[in-house]
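To start, the structure itself, in structure tokens.
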Amino acid sequence: MDIDSACDPTDDLALALRLADAADVVTLPRFRASDLKVTTKPDRSPVTDADTAAEEALRALIAAERPGDAVLGEEGGGSVTEAGRGWVLDPIDGTKNFSRGMPAWATLIALTIDGTATVGVVSAPALGRRWWGAIGQGAWTSDVPDGAPRRIAVSGIAALGDAYLSTTDLRLFGQQGRMDRWLALVDAVWETRAFGDFWQHVLVAEGVLDVAVDPVANPWDLAALAPVVAEAGGKLTDLTGTAVWTGGDALTTNGVLHDAARAIIGR
-19 MDIDSACDPT DDLALALRLA DAADVVTLPR FRASDLKVTT KPDRSPVTDA DTAAEEALRA
41 LIAAERPGDA VLGEEGGGSV TEAGRGWVLD PIDGTKNFSR GMPAWATLIA LTIDGTATVG
101 VVSAPALGRR WWGAIGQGAW TSDVPDGAPR RIAVSGIAAL GDAYLSTTDL RLFGQQGRMD
161 RWLALVDAVW ETRAFGDFWQ HVLVAEGVLD VAVDPVANPW DLAALAPVVA EAGGKLTDLT
221 GTAVWTGGDA LTTNGVLHDA ARAIIGR
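For the sequence shown, the tail end lands on 247 under my numbering, and the numbers increase by one without skipping.
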């Protein structure tokens, strides 16, 4: 493969989708496996043998297909910079769900170019769904393994009082001393649930939810979501309103509601 084709965005999306296929081959057979091995990392978050095996498979394929690209992964570390190309990987987002037999988990794969997340794929095989987006190519979803792709878009809800809101773990707001802001946002919207993790953000992208808040989020939790949400017509920022996936937290909306939601929950 020559350099020009390797840097073609369409080719990069095709590779990202193949990476998701490779991850599904590893993760899905380990889901609800009786011999699943679960250990605890220093931050007390769980990690399974499926997390590490999936990331190893992704890294091997990237090394074969894009040997010059940097890689940042939740389990294997690394870094991507604001200059050049890099892949940001979360082999299983929602490991707590995965380890407890709950199907709401996904592999997150992003390509960044000069610090911008240009391609994102979210593969949730236990839910039977996949979402993806690439700058200038729209946001899409399909049923897996063989459903037809269909384009997605955010909702047209224009008033916060009509909005459907989600978060991951509301206790984090209390730990941050910001529970009053979360409760104020809850009072301002129509309905609230805790779908959590990647799922709430892709639900914003496909117009099912209108606002999602993560009070704590790592770069690998958000990079793949950024192009999906943006190409669906929505907005993903940190809680200061800065359009980054490295800010340590996240607010995702249909765009129209962003300022109103941030005025309540922002930092």
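We treat Cβ as the ideally placed atom computed from N, Cα and C, and that holds for glycine.
From a predicted model like this one, the values you see are computed outputs, not experimental measurements.
The beta carbon of G235 is closer than 7 Å to those of V134, G213, G214 and K215 in its chain, skipping five residues each way along the sequence. Per DSSP, the beta-bridge partners of S146 are R173 and A192. In the three-state DSSP reduction, G127 falls in the coil class, being neither helix nor strand. Ranked by Cα distance from D15, the first of Y144, R80, A138 and M159 is R80. Where I93 is concerned, the enclosing beta strand (DSSP E) starts and stops at A86 to I93. With 16 or more other CB atoms across the displayed protein chains lying within 10 angstroms of its CB, T32 is buried. In this structure, the alpha-carbon of W67 lies about 16 Å from that of V224. Apart from the 5 residues on each side of it in sequence, A106 sits with its Cβ closer than 6 Å to the Cβ of F11 and P83 in its chain, given in chain order.
Assigned with DSSP and collapsed to three states, G213 falls in coil, not helix or strand. For V166, the enclosing alpha helix (DSSP H) begins and ends at M159 to A168.
F175 and W162 do not touch by the CB rule: their CB atoms are close to 15 Å apart, not below 8 Å.
Counting along the chain, A40 sits inside the alpha helix (DSSP H) bounded by residues D29 to E45. Taking a contact as a CB-CB distance under 8 Å, the pair T7 and V18 does not count as one, their CB atoms being some 14 Å apart.
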